[in-house]
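Below you'll find the structure, written out as structure tokens, and then a few comments.
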Ligand code: TYM
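Residue numbers (the numbering used here): 64 to 393.
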């Protein structure tokens, strides 16, 4: 039996180049070595207000993008989180085994809640417990994610350890993050001090996986670079570093090798080349996603099959947890 690998994306908007390089590309690369589950986390998405029509479209689109990025539906279990009620069920139980203190230390909670004003949804606070449940339901060994999710996986390990300590070491498997050495933190093209994000109000900072070739070229050519003119990898050149990182994560070439090709060249050259490389990476994903979005019956078939299999697996964990807690079998 192969070890379990699991990961997910929030369908809060179209997916970005950051999502692809930090997550999807690694899912596709590793999928055949693992028993894989990939899903779209619509329950997580509603921690911020969503337009129902847009959420539905984005949820299908997330799954179509997984497929277009090379995820094999005959090998992996693909589903939508809300189709498997055990995620919410285990989440309530684990909420009772997580602490206000540890949840308030989550960087993502601090960032997101600071932008919410007075009324911070409780779901934003308990969100990492739902993510822990996603992971722990399936005896997951490996969770391929970008750098920003590492803290949530550490919390998952803390909760799992705490629960196992009380009720039995055989209940939850300890998950490990898989964070790629290059591409785990792609930065905004307009503000290289902050992460490229699906929800950045500055649309020029983010490359979406459905951007047209022209738009990609335009956004990358307008990317903010740094003072000076030399193309080197340096901490005081975060804009240049980001473009070199994007090239390296897409092509698989080392940053040093890429830098060596730019001796004596200008920032303009780096931008033009990076733009072309991004077009080559995004175009086939965009075209295949669009094709798949034209056949929702096909997508529904994959999701139905995935949800059935996921529910069966998840229920085994929930039943074990409930038995250990002392709940009477229903
Ligand atoms: P989300 O939807 O914010 O991001 C999805 C995945 O993409 C990675 N990522 C990035 N990587 C590199 N550079 C970027 N700029 C960038 N932006 C996003 C994220 O690290 C993530 O891997 N809470 C999760 C979803 C989730 C999940 C799970 C993940 C829910 N349950 C269980 C793994 C396992 C999230 O909001 O990801």
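Cβ atoms here follow ideal geometry from the backbone N, Cα and C, with glycine treated the same way. Note that the structure is predicted; figures quoted are calculated from it, not measured.
Going by DSSP in three states, residue i sits in which element: helix, strand or coil?
| i | result |
| --- | --- |
| residue 98 | strand |
| residue 205 | strand |
| residue 68 | strand |
| residue 127 | helix |
| residue 288 | coil |
| residue 258 | strand |
| residue 103 | strand |
| residue 169 | coil |
| residue 326 | coil |
| residue 176 | helix |
| residue 113 | coil |
| residue 309 | helix |
| residue 302 | helix |
| residue 122 | helix |
| residue 32 | The chain is shown only over 64 to 393; residue 32 falls outside these bounds and no answer can be derived. |
| residue 164 | helix |
| residue 156 | helix |
| residue 315 | coil |
| residue 265 | coil |
| residue 134 | coil |
| residue 245 | coil |
| residue 234 | coil |
Is residue i buried or exposed, if buried means 16 or more other CB atoms sit within 10 Å of its CB?
| i | result |
| --- | --- |
| residue 103 | buried |
| residue 302 | buried |
| residue 343 | exposed |
| residue 125 | buried |
| residue 309 | buried |
| residue 326 | exposed |
| residue 127 | buried |
| residue 159 | exposed |
| residue 391 | exposed |
| residue 155 | exposed |
| residue 405 | One cannot answer for residue 405 here, as it falls past the ends of the chain, which runs 64 to 393. |
| residue 241 | buried |
| residue 150 | buried |
| residue 73 | buried |
| residue 81 | buried |
| residue 358 | exposed |
| residue 328 | exposed |
| residue 190 | buried |
| residue 100 | buried |
| residue 107 | buried |
| residue 83 | buried |
| residue 266 | exposed |
| residue 163 | exposed |
| residue 77 | buried |
| residue 181 | exposed |
| residue 288 | buried |
| residue 361 | exposed |
| residue 393 | exposed |
Residue i: beta carbon under 7 Å from a heavy atom of the ligand SAH?
| i | result |
| --- | --- |
| residue 127 | In the structure on display, the ligand SAH does not appear, and the ligands it does have are the ligand TYM. |
First and last residue of the alpha helix (DSSP H) that includes residue i?
| i | result |
| --- | --- |
| residue 241 | Segment 239 to 241 is the beta strand (DSSP E) holding residue 241; no alpha helix (DSSP H) there. |
| residue 295 | Segment: none, residue 295 is in no alpha helix (DSSP H) and carries neither H nor E. |
| residue 381 | 359 to 388 |
| residue 323 | 318 to 323 |
| residue 186 | 185 to 199 |
| residue 226 | 213 to 230 |
| residue 331 | 330 to 356 |
| residue 93 | 88 to 93 |
Ends of the beta strand (DSSP E) at residue i?
| i | result |
| --- | --- |
| residue 143 | 140 to 143 |
Kindly identify the DSSP beta-bridge partner or partners of residue i.
| i | result |
| --- | --- |
| residue 271 | 79 |
| residue 151 | For residue 151, which the question treats as bridged, DSSP gives no partner whatsoever. |
| residue 250 | 258 |
Worksheet item: Is the segment 141 to 154 touching the segment 363 to 374, taking contact as three or more C-beta pairs under 8 Å?
Response: Judged by Cβ distances under 8 Å, the segment 141 to 154 makes contact with the segment 363 to 374, as three or more pairs qualify.
Item to complete: Take every Cβ of the segment 194 to 213, pair it with every Cβ of the segment 176 to 184, and state whether three or more of those distances are shorter than 8 Å.
Response: Touching, no.
Item to complete: Would you be able to state if there are at least three C-beta pairs under 8 Å between the segment 92 to 111 and the segment 330 to 338?
Response: Because the criterion of three Cβ pairs below 8 Å is not met, the segment 330 to 338 and the segment 92 to 111 do not touch.
Worksheet item: Are the segment 288 to 306 and the segment 372 to 389 touching by the rule of at least three beta carbon pairs closer than 8 Å?
Response: Look at the beta carbons and you see the segment 288 to 306 not touching the segment 372 to 389: under three pairs across the two are nearer than 8 Å.
Discussion item. For the structure I just gave you, are there three or more beta carbon pairs, one from the segment 112 to 124 and one from the segment 284 to 294, closer than 8 Å?
Written reply: These segments do not touch.
Worksheet entry | Segment contact flag, the segment 127 to 137 with the segment 339 to 355, C-beta cutoff 8 Å, min 3 pairs | Yes: at least three Cβ pairs fall under 8 Å.
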